[in-house]
Structure formats: structure tokens, C-alpha cells
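Residue numbers (this note's numbering): 132 to 282.
Just so you know, even glycine gets a beta-carbon here, dropped at the ideal spot from N, CA and C.
Please read these numbers as outputs of a predicted model, since none were measured by experiment.
Contents: one structure, followed by commentary.
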């Protein structure tokens, strides 16, 4: 959705009002520790998509609680925003924090192969040195055998 100054201001206004409603006016214990991370409002203000974040183990119960409270939230939001139209609500679970945490953990757990010294092509130097020694031994054995035959 294209963003301009007016739509950003509208989205932020709706996000603040929706967060306030979820925090102070809806008394569902399943909606405890739910954060409104973002809101997208359509140009005609008839549709509002809200992104909420919570613990990954609670995705299903939070989705169910938001579906149960959608009518009450919409009514309260319509009164507090003061727009001509009360927007239809669509709640989505925001999983970007879980993705960021997963990436962070992956970066902290460095695989042991990264510690191995590599050449300019990315091949391990230890394996190349072992391979060269093995190849040298084979060549040396082959070179020594004809010399022994020649004596």
C-alpha cells in the first residue's frame, strides 16, 4: 500500500487508539501481553488491518480472543476515532519478532566449519594440505618404483 504523510498519520492514530482499547477497555485475559505492532487503514477508512504480536505459544488463543472481541473493539474504536465510517477490522498475528529471534539464534550458533581456515576459493586448507600429501605420496611411490626397477 502506498504510504504518504496522511496515510502514515491515519495509521498511527488508529494504532494508538486500538492499543489503548486493547490495554484498558477490553478485559479478556487471553489478550494480556498483546502488542499492536502496526496498522494499515484503507484510503476510504472502511477497512483496518491490525498486526498484533504475542508469545508464539499463544497464537491460536490470541486469534480466537480477537475474533470474539472484534465487535466490541470495533464499536469502541469507532467512537474514539470519530471518523465518518467505522472500519471493518482484520487482525493478523505478526511473526516478525519470532523470525528475528530465530535468525539471531542462528547467528549466535556458529557452525564448526566456519572456524576452518579456507583458501581464496573457499576450500578448507587442512583438507587441501592432506590431499596434497596423499597425492605426493602416491607420486613419490610411483616415481620410486621405476627407479627401483631400473637398478
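From this set, the options, which residue's C-alpha is nearest residue i's C-alpha?
| i | options | result |
| --- | --- | --- |
| residue 185 | 206, 175 and 227 | 227 |
| residue 151 | 224, 256 and 204 | 204 |
| residue 211 | 148, 187, 172 and 171 | 148 |
| residue 172 | 157, 239, 135 and 253 | 135 |
| residue 180 | 189, 168, 238 and 191 | 168 |
| residue 142 | 249, 160, 182 and 164 | 182 |
| residue 137 | 166, 225 and 176 | 176 |
| residue 153 | 222, 256 and 231 | 222 |
| residue 231 | 162, 187 and 217 | 187 |
| residue 202 | 217, 155, 213 and 236 | 217 |
| residue 194 | 206, 207, 165 and 215 | 165 |
| residue 157 | 229, 214, 215 and 196 | 196 |
Can you tell me which of the three DSSP states residue i falls into?
| i | result |
| --- | --- |
| residue 180 | strand |
| residue 220 | strand |
| residue 202 | helix |
| residue 160 | helix |
| residue 255 | strand |
Note the first and the last residue of the continuous beta strand (DSSP E) segment covering residue i.
| i | result |
| --- | --- |
| residue 166 | 166-172 |
Per DSSP, residue i forms a beta bridge with which residues?
| i | result |
| --- | --- |
| residue 148 | According to DSSP, residue 148 bridges with nothing at all. |
Buried or exposed for residue i, please, with buried defined as at least 16 other CB atoms from any protein chain shown within 10 angstroms of its CB.
| i | result |
| --- | --- |
| residue 174 | exposed |
| residue 198 | exposed |
| residue 241 | exposed |
| residue 146 | buried |
Considering just the uninterrupted stretch of the alpha helix (DSSP H) at residue i, what are its terminal residues?
| i | result |
| --- | --- |
| residue 228 | 227-239 |
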